[in-house]
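Down below is the structure, laid out as structure tokens.
Structure, rendered in structure tokens:
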């Protein structure tokens, strides 16, 4: 109970309220006593008609010399100051101080608690002015000492004042406590709901979301939490899809291998090289799938080692065109290479970029019909219209004249195991990991990759790489990769 947030907030509000009320009561009580004594002192001065007498004296003499006679003439004035006088709210010595118009003290009674020779502007504002012909010629300060005995009437007045002060403090404290409870509940409620949702997420219900309510700071926390929960849900869905896709991809070759081996064991098929070759081909598909998955996982985890050096994009493109020339002739597809002159080198791992380009070329040739064209174009990213930042980039585009990609499929082109034609044989179309691998390799180089397509108008796959700041060096290409 004590550790709960709302209780601690209420306790803090209560402590602040109590301290504030007590401090205010103490200060007000002290000020009230001082102001009350000042009021009584000034009232006694008015009863003695001291201000008019001082004004008459100054008008007659035009200065304050000998003003002591005025104070000595007042009833009860003696060596100790003003005497008890008649009945009133206070009884005791009345201290008097008279200054000229500039605040310099010209008279002080023996009981006056004043040692300096003049009064400041703040003290003069509290004093009673002595006016002659509408202009102040002096100021009179009347004081009652703090130890002056209070009369019964004064005690009654101050007691009533203190009671009113206590009542006001209690009301203020109650209002502060109620406000504290309301604010604490308002702050704690969304946090409690957030804790409940977090517990449900920990139990596996990733569909839970926290309500965005409360103060802006708490609402921001709820929004950030919901974003995290959505990311977790998407990651979980991706994990389940990945497991299902991997199981689906493995099931077909394993079923083929199992069926062929059972047929050989049951003497349905003769034990010949042809049958064994079929089983071997399926194991190659399994090996390639496992290798692609491993490479993709390393790339996504940022653990794929890249040996980046300044490389010539034109040389990589020329090598890939030569590599795919026979395959393009077999499909009766024309390969065209169009690279801007004097392109600067890019900072990249030449073998990995060749792998990206080969994946894109293989994909383009697979979807381009006979008598079609596949163009590989390299230029500055700003000129190609594929710049994604202010960094100087080189853009490589692979453009085909195939059937294009439906708009609904474009966001999923680089997903794992995605295929435009789900019914296509895996021996022809692969496992659907090539574009996902290409995307991760380009991102690992600090570039960007994308696709533009309209149904019936072909597709354009593009990727960018940062320009190197060093001169081109000879970079060997590893021809051991597969496409």
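Numbering (my numbering), first residue to last: 56 to 538. We put the beta carbon where it would ideally sit given N, CA and C, even for glycine.
Give me the Cα-Cα distance between residue i and residue j, rounded to the nearest whole angstrom.
| i | j | result |
| --- | --- | --- |
| residue 458 | residue 325 | 43 Å |
| residue 491 | residue 308 | 22 Å |
| residue 134 | residue 214 | Residue confidence is low: residue 134 scores 36 on pLDDT, short of 50, so the model does not pin down where it sits. Its coordinate-derived value is still stated next. Distance between the alpha carbons of residue 134 and residue 214 is about 34 Å. |
| residue 416 | residue 289 | 31 Å |
| residue 329 | residue 338 | 15 Å |
| residue 333 | residue 347 | 21 Å |
| residue 175 | residue 111 | 25 Å |
| residue 471 | residue 302 | 13 Å |
| residue 64 | residue 241 | 11 Å |
| residue 375 | residue 390 | 10 Å |
| residue 487 | residue 254 | 37 Å |
| residue 262 | residue 286 | 11 Å |
| residue 298 | residue 257 | 22 Å |
| residue 509 | residue 267 | 40 Å |
| residue 188 | residue 117 | 12 Å |
| residue 480 | residue 433 | No answer about residue 480 holds up, because its pLDDT of 43 lies below 50 and its placement is not dependable. |
| residue 190 | residue 84 | 36 Å |
| residue 425 | residue 313 | 37 Å |
| residue 182 | residue 100 | 12 Å |
| residue 504 | residue 305 | 29 Å |
| residue 178 | residue 86 | 15 Å |
| residue 139 | residue 72 | Residue confidence for residue 139 is low, a pLDDT of 41 falling below 50, so the modelled location carries little weight; the figure read from the coordinates is stated next. Rounded to the nearest angstrom, the two C-alpha atoms are 43 Å apart. |
| residue 249 | residue 238 | 17 Å |
| residue 156 | residue 271 | 59 Å |
| residue 144 | residue 217 | Low confidence applies here, because residue 144 scores a pLDDT of 38, under 50, leaving its location unreliable; read the following figure in that light. Taking the straight line from one Cα to the other gives about 17 Å. |
| residue 265 | residue 247 | 10 Å |
| residue 260 | residue 489 | 33 Å |
| residue 327 | residue 341 | 22 Å |
| residue 122 | residue 164 | 12 Å |
| residue 381 | residue 428 | 14 Å |
Have a look at the DSSP bridge pairing and note the partners of residue i.
| i | result |
| --- | --- |
| residue 198 | 150 |
| residue 391 | 430 |
| residue 508 | 514 |
| residue 374 | The partner list for residue 374 (beta bridge, DSSP) is empty, contrary to what the question assumes. |
| residue 453 | 431, 516 |
| residue 162 | 153 |
| residue 189 | Partner(s): none; residue 189 has no beta bridge. |
| residue 184 | 194 |
| residue 402 | 365 |
| residue 521 | 448 |
| residue 173 | 159 |
Which term fits residue i, buried or exposed, when burial requires 16 or more other beta carbons within 10 angstroms of its beta carbon?
| i | result |
| --- | --- |
| residue 335 | exposed |
| residue 283 | exposed |
| residue 367 | buried |
| residue 142 | Note that residue 142 has pLDDT 38, beneath the 50 cutoff, so the model's placement of it is unreliable and the number below is only indicative. The residue in question, residue 142, is exposed, as its Cβ has fewer than 16 Cβ neighbours within 10 Å. |
| residue 38 | Nothing in the structure corresponds to residue 38, since the chain is present only between 56 and 538. |
| residue 70 | exposed |
| residue 404 | buried |
| residue 362 | exposed |
| residue 269 | buried |
| residue 251 | exposed |
| residue 92 | buried |
| residue 152 | buried |
| residue 407 | buried |
| residue 496 | buried |
| residue 198 | buried |
| residue 97 | buried |
| residue 245 | buried |
| residue 467 | exposed |
| residue 520 | buried |
Taking 8 Å as the threshold (C-beta atoms), are residue j and residue i in contact?
| i | j | result |
| --- | --- | --- |
| residue 435 | residue 395 | yes |
| residue 231 | residue 62 | no |
| residue 511 | residue 455 | no |
| residue 401 | residue 431 | no |
| residue 113 | residue 185 | yes |
| residue 173 | residue 154 | yes |
| residue 383 | residue 344 | no |
| residue 465 | residue 411 | no |
| residue 499 | residue 351 | no |
| residue 447 | residue 522 | yes |
| residue 409 | residue 460 | no |
| residue 106 | residue 195 | yes |
| residue 119 | residue 235 | no |
| residue 125 | residue 109 | yes |
| residue 82 | residue 228 | no |
| residue 518 | residue 502 | yes |
I want to see whether chain C comes within less than 8 Å of residue i, judged by CB atoms only; does it?
| i | result |
| --- | --- |
| residue 492 | Checking the listed chains, one finds no chain C in this structure; it contains a single protein chain. |
Write down every uninterrupted run of the alpha helix (DSSP H) in the segment 307-368 whose length is 4 residues or greater and which is fully enclosed by it, in chain order.
-> 328-355
Enumerated in chain order, which unbroken segments of the alpha helix (DSSP H) with a length of 4 residues or greater are wholly contained in the segment 76-129?
-> 105-116, 123-128
For the segment 269-295, list the beta strand (DSSP E) runs that are entirely contained and at least 3 residues long, ordered along the chain.
-> none
Can you check the segment 198-263 for any alpha helix (DSSP H) of at least 4 residues that lies completely inside it and give the ranges in chain order?
-> 207-257
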